[in-house]
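Presented below is the structure to which this report refers.
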Amino acid sequence: MSIQKLAILGSTGSIGTQALDIVRQHPDKFEIVALTAHSNWELLAEQVNEFQPRYTVISDEEHVEVLSDTVSDTEVLSGSTELADIASLDEVDTVLNALVGFAGFESTLSAINAGKKVALANKESLVVGGALIKNALQQSGAQLLPVDSEHSAMFQCLTGENRKDIEKIIITASGGPFRELNRSEMQEVTVEQALDHPNWNMGAKITIDSATMMNKGLEIIEAHWLFDLPVKQIEPVIHPQSIIHSMITFVDGSSKAQLGLPDMKVPIIYALSYPERWTLDTPRMDWKEAQNLTFEPVDYEKFPCVKLAMDSITEGPYAPAVLNAANEVAVDRFLKREIGYIDIPKIVEKSLANIQSKDSLNVETLKEIDKETRSYAESLTK
Ligand code: NAD
Ligand code: MG
Numbered sequence: 054m055s056i057q058k059l060a061i062l063g064s065t066g067s068i069g070t071q072a073l074d075i076v077r078q079h080p081d082k083f084e085i086v087a088l089t090a091h092s093n094w095e096l097l098a099e100q101v102n103e104f105q106p107r108y109t110v111i112s113d114e115e116h117v118e119v120l121s122d123t124v125s126d127t128e129v130l131s132g133s134t135e136l137a138d139i140a141s142l143d144e145v146d147t148v149l150n151a152l153v154g155f156a157g158f159e160s161t162l163s164a165i166n167a168g169k170k171v172a173l174a175n176k177e178s179l180v181v182g183g184a185l186i187k188n189a190l191q192q193s194g195a196q197l198l199p200v201d202s203e204h205s206a207m208f209q210c211l212t213g214e215n216r217k218d219i220e221k222i223i224i225t226a227s228g229g230p231f232r233e234l235n236r237s238e239m240q241e242v243t244v245e246q247a248l249d250h251p252n253w254n255m256g257a258k259i260t261i262d263s264a265t266m267m268n269k270g271l272e273i274i275e276a277h278w279l280f281d282l283p284v285k286q287i288e289p290v291i292h293p294q295s296i297i298h299s300m301i302t303f304v305d306g307s308s309k310a311q312l313g314l315p316d317m318k319v320p321i322i323y324a325l326s327y328p329e330r331w332t333l334d335t336p337r338m339d340w341k342e343a344q345n346l347t348f349e350p351v352d353y354e355k356f357p358c359v360k361l362a363m364d365s366i367t368e369g370p371y372a373p374a375v376l377n378a379a380n381e382v383a384v385d386r387f388l389k390r391e392i393g394y395i396d397i398p399k400i401v402e403k404s405l406a407n408i409q410s411k412d413s414l415n416v417e418t419l420k421e422i423d424k425e426t427r428s429y430a431e432s433l434t435k
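Per the numbering used here, the very first residue in the sequence shown carries number 54; after that it's consecutive.
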């Protein structure tokens, strides 16, 4: 494969920094064309000095000046339009979208419309606008490769298979830090406890989503759009060790699984190297060591977010966008200690019941729904 010209959106985050580690391991395979961050201009400046991208975007305009003064030989841009434009540049082959939340949607769409190879970590893009993204993929011939560990596992299991032979997808979930708490213990959960995930070290938003298991709900919607399957054929299962990253059962009863230590570098490099495999210097499983892999059903009563997300798919074209916006606000308010952990699903549920879906699905109305939901979810006392 010739050199991949790569734009990493959200390069200062958990996924973004791990992607840059992969680039360091394979300097002959990549040219970094663009790096972006929201507000962490110090780390972005370090990355720019190391990787010398042609373009640098800092979306929080407050930091443009100080960043411009710190870096050289790169064009410094700011703003959300610029962030989406970067994803469609002629000089870019591959866009790794490692932005968090709805803020990543327009970049995904812009990269797909421009026919890029898109390595997608920003699952919220597919949650809010899956139908629009699918439509754009069909028109442009762009390639969409999952970076989420479960979806990378599904994608790897499907290599050499026909999609029509899928009977169901078993999407595994660690169950997060509160799997064993009862409902009354859940009322006492603190921000610190919720941020302490047993298996994965990730950004704050997805860590809280894992604690409420909204993350699994969002991932079911993500799988629905990626693999063109109805939600009823996507079954979540708790697997606390996070070694099996997901499984596919085929029509003949055979199942395939993808396994490994919980390490996001594996799905990141797979999306970047596909259809090849490249070496990755990272710890391996020691299969000689005695260990148990266990499984249990999801408790939907304890984790109402999973069902809210699964049901949103059939509740109208904008319901997943309402779910996503309300959840982003609720997570943010929980992190600011304005609401409790158990209020997160309540805010999502109330928002779903109160925001009216619009008639036609397009980018403008999607943005309106997102905005409207955010202000409603902000206004709820609890
Ligand atoms: P993070 O919070 O660590 O990083 C987010 C990045 O996006 C940062 O570079 C930040 O500067 C930028 N950003 C944040 N808000 C922005 C905004 N409003 N506008 C522009 N840029 C903004 O997040 P993360 O954990 O790396 O997650 C990124 C995405 O990958 C999320 O969609 C998450 O669900 C998904 N994902 C993450 C992991 C993981 O292990 N971290 C695993 C699977 C999927
Ligand atoms: Mg995941």
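A virtual CB, placed ideally from N, CA and C, is assigned to each residue, including glycine.
Helix, strand or coil: how does DSSP classify residue i here?
{"i": "L361", "result": "helix"}
{"i": "I186", "result": "helix"}
{"i": "S263", "result": "helix"}
{"i": "T70", "result": "helix"}
{"i": "T212", "result": "coil"}
{"i": "T89", "result": "strand"}
{"i": "F158", "result": "helix"}
{"i": "Q240", "result": "coil"}
{"i": "Q409", "result": "coil"}
{"i": "E115", "result": "helix"}
{"i": "E368", "result": "coil"}
{"i": "E99", "result": "helix"}
{"i": "E421", "result": "helix"}
{"i": "I439", "result": "Residue coverage of the chain in this structure runs from 54 to 435, which leaves residue 439 outside it and unanswerable."}
{"i": "E402", "result": "helix"}
{"i": "D122", "result": "helix"}
{"i": "P320", "result": "helix"}
{"i": "T426", "result": "helix"}
{"i": "D192", "result": "The residue asked about is misnamed: residue 192 is Gln in this sequence, not Asp. DSSP places Q192 in helix when its eight states are reduced to three."}
{"i": "R330", "result": "coil"}
{"i": "E431", "result": "helix"}
{"i": "R386", "result": "helix"}
Taking DSSP's pairing of strands, which residues face residue i in a bridge?
{"i": "P199", "result": "L173"}
{"i": "A310", "result": "M300"}
{"i": "T225", "result": "V290"}
{"i": "N150", "result": "L62, L173"}
{"i": "L130", "result": "V110"}
{"i": "F83", "result": "Q57"}
{"i": "I274", "result": "I274 pairs with nothing; no bridge assigned."}
{"i": "I75", "result": "I75 pairs with nothing; no bridge assigned."}
{"i": "E349", "result": "I291"}
{"i": "I219", "result": "F303"}
Under the criterion of a Cβ to heavy atom distance below 7 Å, does residue i qualify as lining the ligand NAD?
{"i": "L136", "result": "yes"}
{"i": "A151", "result": "yes"}
{"i": "E177", "result": "yes"}
{"i": "K420", "result": "no"}
{"i": "G63", "result": "yes"}
{"i": "I68", "result": "yes"}
{"i": "K424", "result": "no"}
{"i": "N93", "result": "yes"}
{"i": "W278", "result": "no"}
{"i": "M317", "result": "yes"}
{"i": "K258", "result": "yes"}
{"i": "M266", "result": "no"}
{"i": "W340", "result": "no"}
{"i": "S112", "result": "yes"}
{"i": "A156", "result": "yes"}
{"i": "A441", "result": "The requested residue 441 is not part of the displayed model; the chain covers only 54 to 435."}
Just to check, is the beta-carbon of residue i closer than 7 Å to a non-hydrogen atom of the ligand MG?
{"i": "E288", "result": "no"}
{"i": "D38", "result": "Residue coverage of the chain in this structure runs from 54 to 435, which leaves residue 38 outside it and unanswerable."}
{"i": "E272", "result": "yes"}
Among the options, whose alpha-carbon lies nearest the alpha-carbon of residue i?
{"i": "G228", "options": "D262, G157, F208, P106", "result": "D262"}
{"i": "S326", "options": "Q78, S67, T70", "result": "Q78"}
{"i": "E381", "options": "G154, I111, K360", "result": "G154"}
{"i": "L279", "options": "T265, K176, L312", "result": "K176"}
{"i": "M317", "options": "G66, N215, Y429", "result": "G66"}
{"i": "L443", "options": "N188, I321, S205", "result": "This structure does not reach residue 443, given that the chain is present from 54 up to 435, and the question cannot be answered."}
{"i": "I259", "options": "A174, L179, M338", "result": "A174"}
{"i": "K269", "options": "V119, E99, E417, A362", "result": "A362"}
{"i": "A189", "options": "A206, K169, S205, M207", "result": "K169"}
{"i": "K389", "options": "E245, T134, G182, E233", "result": "E245"}
{"i": "S432", "options": "V416, V290, Q409, A383", "result": "A383"}
{"i": "E272", "options": "N215, C358, E354", "result": "C358"}
{"i": "S307", "options": "V101, S410, E214", "result": "E214"}
{"i": "Q240", "options": "T212, G69, A206, K355", "result": "K355"}
Using a beta-carbon distance below 8 Å, is residue i in contact with chain D?
{"i": "D334", "result": "Of the protein chains in this structure there is only one, and it is not chain D."}
Examine the ligand FMN and report whether any of its heavy atoms sits within less than 7 Å of the Cβ of residue i.
{"i": "M255", "result": "Of the ligands one can find in the structure shown, namely the ligand NAD and the ligand MG, none is the ligand FMN."}
Hey, is the segment 198–213 in contact with the segment 391–401, meaning 3+ C-beta pairs nearer than 8 Å?
Between the segment 198–213 and the segment 391–401 there are fewer than three inter-stretch CB-CB distances shorter than 8 Å, so the stretches are not counted as touching.
If we count Cβ pairs, one from each stretch, closer than 8 Å, do we get three or more for the segment 209–226 versus the segment 294–302?
Output reads yes: the segment 294–302 touches the segment 209–226.
Taking one C-beta from the segment 158–172 and one from the segment 134–148 each time, how about it: are there three or more such pairs within less than 8 Å?
In short, these stretches touch, since the Cβ pair count reaches three.
Flag this pair as touching only if the segment 92–110 and the segment 122–132 have three or more C-beta atom pairs under 8 Å; answer yes or no.
The segment 92–110 is in contact with the segment 122–132.
Do three or more CB pairs link the segment 397–405 to the segment 250–257 at distances below 8 Å?
Because the criterion of three Cβ pairs below 8 Å is not met, the segment 397–405 and the segment 250–257 do not touch.
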